[in-house]
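Report on the following structure.
2 protein chains.
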Amino acid sequence: MKEIRAAKNNKIKELKKLQQRKYRSQSEVYLLEGFHLVEEAAKANAEIKEVYLDERGLQLWQEWVERCQLDYYLLSDEAMKAISELPTPQGIVALIKKVDAQPVDFSGKWLLLDNIQDPGNVGTIVRTADAAGFDGIFLGIGTADRYSGKVLRSMQGSQFHLPIFNGDLNETIPEFKKIHSKVYGTKVDETALSYTQVESSPSFALILGNEGQGVAEEILQMTDQNLYIPIYGAAESLNVGVAAGILMYALV
Amino acid sequence: MKEIRAAKNNKIKELKKLQQRKYRSQSEVYLLEGFHLVEEAAKANAEIKEVYLDERGLQLWQEWVERCQLDYYLLSDEAMKAISELPTPQGIVALIKKVDAQPVDFSGKWLLLDNIQDPGNVGTIVRTADAAGFDGIFLGIGTADRYSGKVLRSMQGSQFHLPIFNGDLNETIPEFKKIHSKVYGTKVDETALSYTQVESSPSFALILGNEGQGVAEEILQMTDQNLYIPIYGAAESLNVGVAAGILMYALV
Chain F
28 MKEIRAAKNN KIKELKKLQQ RKYRSQSEVY LLEGFHLVEE AAKANAEIKE
78 VYLDERGLQL WQEWVERCQL DYYLLSDEAM KAISELPTPQ GIVALIKKVD
128 AQPVDFSGKW LLLDNIQDPG NVGTIVRTAD AAGFDGIFLG IGTADRYSGK
178 VLRSMQGSQF HLPIFNGDLN ETIPEFKKIH SKVYGTKVDE TALSYTQVES
228 SPSFALILGN EGQGVAEEIL QMTDQNLYIP IYGAAESLNV GVAAGILMYA
278 LV
Chain B
28 MKEIRAAKNN KIKELKKLQQ RKYRSQSEVY LLEGFHLVEE AAKANAEIKE
78 VYLDERGLQL WQEWVERCQL DYYLLSDEAM KAISELPTPQ GIVALIKKVD
128 AQPVDFSGKW LLLDNIQDPG NVGTIVRTAD AAGFDGIFLG IGTADRYSGK
178 VLRSMQGSQF HLPIFNGDLN ETIPEFKKIH SKVYGTKVDE TALSYTQVES
228 SPSFALILGN EGQGVAEEIL QMTDQNLYIP IYGAAESLNV GVAAGILMYA
278 LV
């Protein structure tokens, strides 16, 4: 165990940079905050480079950290506040190595996100895809960064349970078509097919779109079928995370 | 049009108090922020007592406000910041009269929320219930206040589309049973019945519970049947807003 007291310490400054997407995208590591998520990382055999604890975190989790044979630092409250993204730090932050993208087999059930910008929505959707037993996810251009703190907190560790890729959906969709997987877009208007009329199949790709604009028109034109969720009441639309859940569970 | 420049103006101070639940619960009015929501209120013939605009809001919506024959105030940026709950105020806030609770007919499709604390979850669930064509909602004890800014923003105006009541679920559930409406609880474990095995019926009450603990045990013992959503992957659970959407759309 080493100790860091000053928030202006060089290591702390470097870690803090990982809160910004531009530094994160150049880096092979990301920060994960909160014991539950760090424990998920350990269970999934993710490579945990280092762990940072404050006094309270040390009392609660020193034994666990040592049992896992992890390198760890004791941080002053001030230093912890600098690297934490929460109003009240959780007492534990871990530095995790990103997983290298593996070659993709496009068979099975896949989710494709087109320009979904809210990190909470992206995280919740990944968590739901995990629960629904999906085989993997593509995050299209404009979609919130899966290594941002908010996405990580909403995912609840699901990044360790199913593969997630970044990709241009214009290039990804043809790959699904090559292996004859059905590609479903989603559309808010009723020119599309109601999701209740789709038969489930073992292999398909489902595309969800931006909170305001939905799936881009050029992408909708590449699909086999576009689906909608009927609105029986007076609401204009559904939250995209809720819509994703209804569709994913209906299709599996 | 009247003008208010100082954030310490008495009217502004009184309005600002409505950001707190304790003042709101004693009041017959609440604040609604953003043009889209204020427009929904007008469409629904809600009683809009007054409208507050900043310079930008005045430019955009003065004509609309006058056409609706609403009393309005021009606020300085400083005064608008005081009553807005957003990091960037939307330029328009309205003071709306709460709707008095009407006598309830318990028939049809109802949603009951037990101690759901996150305002975003409560708002999203109400919006989904609206979309799914539910007939009304009971907010049980411990559930986030439907007049809080965050709930209102997530509801997207659905409070104008279906009746919402506060109530003790211990007293509400027997009312549904009296008229032979089925009462469904929700439970995370598989001792319950999978929701896919429930036949839809025109009249029922569905109960959703707290983010961490689920529906309280004493309430689960009053139901006709408790339902669960199967987890096919490695996620531990679903977000309660997503779970609500899957269940509501499956039951209607």
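As given, the protein sequences belong to chains F and B, one line each in that order. Going by the working numbering, the letters in the first sequence line up with residues 28 to 279, in that order. Going by the working numbering, the letters in the second sequence line up with residues 28 to 279, in that order. C-beta: ideal position from N, C-alpha, C; glycine also.
Is it true that the region 56 to 72 of chain B meets the region 175 to 187 of chain B, where meeting means three or more beta-carbon pairs spaced less than 8 Å apart?
With the cut-off at 8 Å, the region 56 to 72 of chain B and the region 175 to 187 of chain B touch.
Nearest candidate by alpha-carbon position, reference Val126/B, set Leu189/B, Gly147/B, Gly272/B, Tyr255/B:
Ranked by Cα distance from Val126/B, the options Leu189/B, Gly147/B, Gly272/B, Tyr255/B are led by Leu189/B.
With which residues is Thr218/B paired in a DSSP beta bridge?
None, per the DSSP bridge assignment.
Members of the region 128 to 144 of chain F near chain B, C-beta cut-off 7 Å
For the region 128 to 144 of chain F, the set of positions with a beta-carbon nearer than 7 Å to some beta-carbon of chain B is empty.
Can you tell me where the alpha helix (DSSP H) holding Val65/F begins and where it ends?
Segment 62 to 70, the alpha helix (DSSP H) holding Val65/F.
Distance between Arg154/B and Gln53/F (C-alpha atoms, nearest Å)
Straight-line Cα distance between these residues: approximately 39 Å.
Please state whether DSSP places Gln252/F in a helix, a strand or coil.
Note: Gln252/F maps to strand in three-state DSSP.
Enumerate in chain order the residues of its own chain whose CB-to-CB distance from Leu64/F is below 6 Å, with the five nearest sequence positions on each side excluded.
Cβ neighbours of Leu64/F beyond the five flanking positions: Gly184.
Note down the Cα distance separating Ile123/F from Glu198/B, rounded to an integer number of angstroms.
Straight-line spacing of the CA atoms in Ile123/F and Glu198/B works out to 49 Å.
Cβ distance (whole Å) where Leu196/B is taken to contact Ile164/B below 8 Å
At roughly 12 Å, the Cβ-Cβ gap does not stay under 8 Å, so Leu196/B and Ile164/B are not in contact.
Burial state of Glu60/F, where buried means 16 or more other Cβ atoms lie within 10 Å
Buried: at least 16 other Cβ atoms inside 10 Å.
Along chain F, which residues have their Cβ under 9 Å away from the Cβ of Gln183/B?
Against chain F, a Cβ distance below 9 Å from Gln183/B picks out Ala262, Glu263, Ser264, Asn266.
Could you compute how far the alpha carbon of Ile256/F sits from the alpha carbon of Val215/F?
Here the alpha carbons of Val215/F and Ile256/F stand approximately 7 Å from one another.
Closer than 9 Å, Cβ to Cβ, to anything on chain B: give me those residues from the region 185 to 211 of chain F, in chain order.
Of all residues in the region 185 to 211 of chain F, those with a C-beta nearer than 9 Å to a C-beta of chain B are Ser185, Phe187, His188, Leu189, reading in chain order.
Any C-beta of chain F sitting closer than 8 Å to the C-beta of Val269/B?
Yes, contact with chain F.
Where Leu163/B meets chain F, residues with beta-carbon distance less than 7 Å
Looking at the sequence itself, residue 163/B is Gly, so the reference to Leu does not match. Per Cβ cutoff of 7 Å: no residues; Gly163/B is ~11 Å from chain F at best.
The region 257 to 276 of chain F in contact with the region 263 to 274 of chain B per 3-pair CB rule at 8 Å:
These segments touch.
Roughly how far, in whole angstroms, is the beta-carbon of Glu105/B from the beta-carbon of Ala34/B, given that I think they are within contact range, below 8 Å?
A Cβ-Cβ distance of about 5 Å is found for the pair Glu105/B and Ala34/B, placing them in contact under the 8 Å criterion.
Beta-ladder partner(s) of Trp137/F, from DSSP
Its beta-bridge partners are Gly163/F, Ala232/F.
So what's Asn142/F in DSSP terms, helix, strand or just coil?
Reduced to three states, the DSSP call for Asn142/F is coil.
Residue burial classification, Ser111/F (beta-carbon count within 10 angstroms, cutoff 16)
Buried is the call here.
Please report the Cβ distance between Gly118/F and Asp81/F, rounded to the nearest whole angstrom; I am assuming they are in contact, meaning their Cβ atoms lie under 8 Å.
With 8 Å as the limit, Gly118/F and Asp81/F qualify as a contact, their Cβ atoms being about 5 Å apart.
For Gly212/B, which option in Gly176/B, Ala243/B, Pro229/B, Gln224/B has the closest C-alpha, if you only look at C-alpha atoms?
Residue Ala243/B holds the alpha-carbon nearest to the alpha-carbon of Gly212/B among Gly176/B, Ala243/B, Pro229/B, Gln224/B.
Cβ-Cβ separation, Ala171/B to Ile143/B (assumed contact under 8 Å), whole Å:
7 Å between Cβ atoms; contact.
Scan the region 65 to 86 of chain F for residues whose Cβ lies nearer than 8 Å to a Cβ of chain B and list them as they occur along the chain.
For the region 65 to 86 of chain F, no residue has a beta-carbon sitting nearer than 8 Å to a beta-carbon of chain B.
Specify, as a first and last residue, the run of the beta strand (DSSP E) that Val210/B falls within.
Per DSSP, the unbroken beta strand (DSSP E) holding Val210/B starts and ends at 209 to 213.
Residue range of the beta strand (DSSP E) that includes Leu288/F
Summary: the structure shown does not reach residue 288/F, with chain F confined to residues 28 through 279, and so no result is reported for it.
Less than 6 Å between C-beta atoms, sequence neighbours within five positions excluded: which residues of the same chain meet that for Glu30/B?
Annotation for Glu30/B: Leu101 place their beta carbon closer than 6 Å to its own, counting only its chain and skipping 5 residues before and after.
For Ala261/B and Leu179/F, the rounded distance between their alpha carbons
Roughly 16 Å separates the two Cα atoms.
For the beta strand (DSSP E) that contains Glu30/F, what are its first and last residues?
Start and end: 29 to 31.
Taking 7 Å as the line, does the beta carbon of Thr223/B fall inside it for any heavy atom of the ligand GTP?
Among the ligands in the structure shown, none appear at all, so the ligand GTP cannot be discussed.
Three-state secondary structure assigned by DSSP to Glu112/B:
Judged by DSSP in its simplified three-state form, Glu112/B adopts coil rather than helix or strand.
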